[in-house]
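Only one structure is covered here, and it is reproduced in the block below.
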Amino acid sequence: MLLWPDTHQQDLTMHVTALEESLIVHAETLIGAAFPDAEKLWISAAARWQVLGARAGLGERERGTCANMLASMEHAQGEARAA
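Heads up: the sequence shown begins at 6 in our numbering, then just goes up one per residue.
This is the structure in structure tokens:
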């Protein structure tokens, strides 16, 4: 399974700023805590999608999976706040 099917991924990562990299690392920490059993690759992909959006260079299937992970995390956080 290829997580980065876009051949332009290397070009895209060159345009990531230091601030974006810091945000990605922070997002990886939060997503990793929310999904401790998830593979590191998927946590990293979801973090990149959260910070970079379309610039993350993910394929359609990967974008959908990442969006679902993030939506699940937001839903769980909302329930925790409501409790």
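Glycine included, C-beta positions come from ideal geometry on N, C-alpha and C.
The structure presented is a predicted model; accordingly, all values stated were derived computationally and were not measured.
Consult DSSP for A62 and reduce its assignment to one of helix, strand or coil.
Per the sequence presented here, residue 62 reads as Gly, with Ala not at that position. The answer is coil: DSSP assigns G62 none of H, G, I, E or B.
Mind reading off the beta-carbon distance from M78 to I36? Whole number of angstroms is fine, and I expect it under 8 Å.
6 Å
Nearest candidate by alpha-carbon position, reference G83, set S27, W54, Q55, A39
A39
Skipping 5 residues on each side, what residues in its chain have a beta carbon closer than 8 Å to that of H20?
R60
With A43 as the anchor, note down where its alpha helix (DSSP H) starts and where it stops.
Secondary structure note for A43: it is in no alpha helix (DSSP H), with a DSSP letter that is neither H nor E.
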